[in-house]
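In order, the protein sequences belong to chains A and B. Taking the working numbering, the leading residue of the first sequence gets -10, the next gets one more, and so forth. Taking the working numbering, the leading residue of the second sequence gets -10, the next gets one more, and so forth.
There are 2 protein chains.
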Amino acid sequence: MPLRHTVYGRAMSNAAAETGSGGSVQSVDRALTVLEILARSGESGVTEIAADLGVHKSTAFRLVATLEQHGLVEQVEGRGKYRLGVGLLRLAGATSARLDVVQEARPLCKQLAAGSGETVNLATLSGGSALYLDQVAGPSALGSHNWVGQHIPLHATSNGKVLLAWLDESVLKEVLGRLPAYTDRTVTARAALRKELQQVQQQGWAAAVDELEVGLAAVAAPVRNAHGDVIASMSISGPTFRLTVARQAEVLPLLLEAAEELSHRLGWGRR
Amino acid sequence: MPLRHTVYGRAMSNAAAETGSGGSVQSVDRALTVLEILARSGESGVTEIAADLGVHKSTAFRLVATLEQHGLVEQVEGRGKYRLGVGLLRLAGATSARLDVVQEARPLCKQLAAGSGETVNLATLSGGSALYLDQVAGPSALGSHNWVGQHIPLHATSNGKVLLAWLDESVLKEVLGRLPAYTDRTVTARAALRKELQQVQQQGWAAAVDELEVGLAAVAAPVRNAHGDVIASMSISGPTFRLTVARQAEVLPLLLEAAEELSHRLGWGRR
DNA sequence: GCCCCACGTTGCACATGACGCAACGGGGCG
DNA sequence: CGCCCCGTTGCGTCATGTGCAACGTGGGGC
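So, in structure tokens, the structure goes:
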């Protein structure tokens, strides 16, 4: 789609780190950028947002005020700062309700979480990283991190490896630009990763222990659509001390069964 | 804040269900309304959105296109229709990262404690029993026990019953291993408990009087997350002589309102 | 304790950018 | 084959979003 927009008169004085994403409707574009800024910073004041956006304070204020009226942004009590609001959760809920994968997966994830006692995640490929679509915390997991909506590196997670393992060679090359290390267990050598991905493809599941975070372990299995493409990955994760290799072997059959059942519900292998 | 824009020439032919929420920045306001429309409908075409919004087709199109560039909206393949995009999940992830049941609940619990005069508790399911997350003592509570951090049997408390009532059958079976009696009012017959849980689910709240301790009464209501899962339970508890059935009926609306408001803050979209 | 700065917030006037219009292309159905 | 309805796009106009300046306030430093 061609950029139809003439350049703006002004010379973009700001450091706004323009994503290059020009919007069709300027004010809306700015407003949405505000959301992204808040997502990144967690909490920002009007002045800060304005500077980041390269617009006048008052402009930023009106954008934020409008967002606030829709509940997408709220101001933290007392202080004048702003942060993302819960309206986003409702919208996101509507989003995932619409994604058949998530909807079909939910009961299975729940059951799997109950059966394994650990946290179950569902992830898909999105823009060069793993996007976590859903998470069901296991009974023994309290206050475990919520990954939903997060973009997670592909080469350091079990879900990521599954998603990579069935990728076309051409796409794979693009995605594997850099392989940063997060712990000293992270696989950073391209050859080693390639080899592991092959193994993952053969055995039908992947594992990652202490590779993204020390103390975090997970196993994952592929989810296929009606065409047989791997469109998502389901994982069981927990603390390394609890999710030992032996325990992994115990929960693996449950995981594989759940992932297969989900694939089945999405039309794989039918007919 | 006064509505500053003049009405459009047109007489709002649509059923746009104007929330009365005027925005400060019109186009942003409209764009966000588009998100809400899509959240409600699941999938809409430009024309439909335009009609719903009371604007021209082309206007709606540009709004949608801008939303699309930020990933908040995507067009379903083939058909020209639009739906909410995964970008929302990313934003929501940033939201829920800082979202904590206890933290969100605190002001509500306080208010409820003040309004009811009794002690308010917040509990969740953890490893086969109820884990008390927070407690706000009411003004008339003298030296009442502090339950925070305690594991309490599920079948003998109002919170426990709420947490059980919405549990999957499979999990429920596991949890209900033994039903020890703590007083002679404790429900120990599995059939009776099952029946009560069904009633709890229907009426949307639970009660327990003298079932865990003689002289201790409580009513509880469910707290839901964005998916509608019951993730916690909020209760009002006090001495049986004060929290009579009549008094319970008085505080129940307050409790239900608080629990619903909390659910709302956690992203539950009512209904 | 005082002052001063910096922040969030609001009224106003201008010109910019968002809007409605009308026309195009294409896909599905009769 | 032709109709109709959809999403999409160039254009001219004016509504509307914007920058400016001023206000109130709260907190930090001197």
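Positions of the beta carbon are idealized from the N, C-alpha and C atoms, including for glycine.
At the C-beta level, residue 38(A) and residue 14(A) stay beyond 8 Å of one another. Following the DSSP letters along the chain, one finds residue 55(B) inside the alpha helix (DSSP H) bounded by residues 46 to 58.
With a cutoff of 8 Å on beta-carbon distance, residue 194(A) and residue 156(A) are scored as not near each other. A direct Cα-to-Cα measurement between residue 190(B) and residue 229(A) gives close to 37 Å.
Look at the segment 106 to 132 of chain B: the residues with a C-beta under 8 Å from a C-beta of chain A are 113, 114, 115, 116, 117, 120.
In the three-state scheme derived from DSSP, where H, G and I count as helix and E and B as strand, residue 110(A) is classed as strand. Taking C-alpha positions only, residue 206(A) is separated from residue 85(B) by approximately 22 Å.
Of all residues in the segment 53 to 68 of chain B, the ones placed with a Cβ closer than 8 Å to any Cβ belonging to chain A are 54, 55, 56, 58, 59, 61, in chain order. When the Cα atoms are used, residue 165(A) and residue 159(A) turn out to be separated by approximately 11 Å. DSSP, reduced to helix, strand and coil, places residue 83(B) within a helical segment of the structure shown. For residue 212(B), no CB of chain A lies under 8 Å from its own CB, so it is not counted at the interface with that chain. Here DSSP, grouped into helix, strand and coil, assigns residue 74(B) to coil. Under the Cβ criterion (8 Å, minimum of three pairs), the segment 142 to 157 of chain B counts as touching the segment 203 to 221 of chain B. Assignment of alpha helix (DSSP H) within the segment 146 to 198 of chain B, counting only whole runs of 4 or more residues, yields 147 to 154, 158 to 164, 179 to 192 in chain order. With respect to chain A, the C-beta atom of residue 137(B) has no partner C-beta closer than 8 Å.
For the 8 Å CB-CB criterion, residue 176(B) and residue 200(B) form a contact. In the structure shown, the three-state DSSP call for residue 227(B) is strand. In the three-state scheme derived from DSSP, where H, G and I count as helix and E and B as strand, residue 65(B) is classed as coil.
In this structure, the straight-line span from the alpha carbon of residue 213(A) to that of residue 146(A) is close to 19 Å.
Not one beta carbon of chain A lies nearer than 8 Å to the beta carbon of residue 205(B).
Counted as a single uninterrupted DSSP element, the stretch harbouring residue 210(B) is not any alpha helix (DSSP H) but the beta strand (DSSP E) occupying residues 205 to 213. About 7 Å separates the beta carbon of residue 27(B) from that of residue 62(B), a gap short enough to meet the 8 Å contact definition. Residue burial annotation: residue 249(A) is buried, with at least 16 other C-beta atoms found within 10 angstroms of its C-beta. Residue 16(A) sits in a helix when the DSSP states are folded into three classes.
At a cut-off of 8 Å between beta-carbon atoms, residue 80(A) makes contact with chain B. In the structure shown, residue 120(B) adopts extended strand secondary structure according to DSSP, grouped into three states.
Distance check between residue 111(A) and each of 102(A), 105(A), 117(A), 121(A) places 121(A) closest, using alpha-carbon atoms only. Here DSSP, grouped into helix, strand and coil, assigns residue 144(A) to coil. Annotation for residue 74(A): 60, 61, 62, 63 place their beta carbon closer than 6 Å to its own, counting only its chain and skipping 5 residues before and after. Listed in chain order, the non-local C-beta contacts of residue 102(B) below 6 Å within the same chain comprise 109, 125, 127, local neighbours out to five positions each way being set aside. In the three-state DSSP reduction, residue 221(B) falls in the strand class (E or B). Leaving aside the five residues that flank residue 93(B) on each side, the residues in its chain whose CB is nearer than 7 Å to its CB run, in chain order, 251, 254, 255.
The alpha-carbon separation between residue 72(B) and residue 148(A) amounts to approximately 26 Å. The straight-line gap separating the alpha-carbon atoms of residue 32(B) and residue 83(A) is approximately 11 Å.
For residue 94(B), not one C-beta of chain A is nearer than 8 Å to its own C-beta. Collapsing the DSSP output to three states places residue 125(A) in a strand.
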